[in-house]
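J.:
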Amino acid sequence: MKSYRKELWFTTKTRRAFINITAQVEECLRESGVKEGLLLCNPMHITASVFINDNESGLHRDFERFLERLAPEKPYDQYDHNGFEDNADAHLKRTIMGREVVVAITDGKLDFGTWEQIFYGEFDGKRAKRVLVKIIGE
Ligand code: ZN
Numbered sequence: 002m003k004s005y006r007k008e009l010w011f012t013t014k015t016r017r018a019f020i021n022i023t024a025q026v027e028e029c030l031r032e033s034g035v036k037e038g039l040l041l042c043n044p045m046h047i048t049a050s051v052f053i054n055d056n057e058s059g060l061h062r063d064f065e066r067f068l069e070r071l072a073p074e075k076p077y078d079q080y081d082h083n084g085f086e087d088n089a090d091a092h093l094k095r096t097i098m099g100r101e102v103v104v105a106i107t108d109g110k111l112d113f114g115t116w117e118q119i120f121y122g123e124f125d126g127k128r129a130k131r132v133l134v135k136i137i138g139e
């Protein structure tokens, strides 16, 4: 069985951002040489998500509004977590959007449905953060 591991780094200019990382993940898959197996992708941080959805900018604005309704960034003092930090909303948003994705690898490709793309969801950005890509198979 082959095993592959890589860290991708992201630094967003804004506190929150959605980045389509599908091409970078596919590059990892090519590097791995795995043709049949599983790919795991997750942020190595508890204020960011990796999720699969549609690459459509309107939907991404809808996500932003949806998350802000559920866990608004401000006022910061509405959250018990915000003492030394101001990122309670980011922890909550990440929990809603999920930690990781697992994608089947078939015939050397990510075995996606028609509209599936992989996104990095940043909720407390403006600093360097890592995403892990782990691939196992043969
Ligand atoms: Zn925190």
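When you line the sequence shown up against our numbering, it's residues 2 to 139, in that order.
Beta carbons: idealized from backbone N, C-alpha and C, even for Gly.
1. Hey, out of Tyr77, Glu37, Leu30, Thr23, whose CA is closest to Asp142's CA?
2. The beta strand (DSSP E) spanning Gly223 covers which residue range?
3. Tell me whether Glu86, by its Cβ, gets closer than 6 Å to a heavy atom of ligand 1.
4. Flag this pair as touching only if the region 56-71 and the region 3-15 have three or more C-beta atom pairs under 8 Å; answer yes or no.
5. Kindly identify the DSSP beta-bridge partner or partners of Val134.
6. Counting along the chain, where does the beta strand (DSSP E) carrying Ala49 start and finish?
7. Return the CA-CA distance between Phe52 and Thr15, expressed in angstroms with no decimal places.
T.: Once the coordinates are examined:
1. Within the shown structure, residues of the chain are numbered from 2 to 139, placing residue 142 beyond reach of any answer.
2. For the chain, the structure presents residues 2 to 139; residue 223 sits outside this window and is missing.
3. yes
4. no
5. Lys7, Cys42
6. 49-54
7. 19 Å
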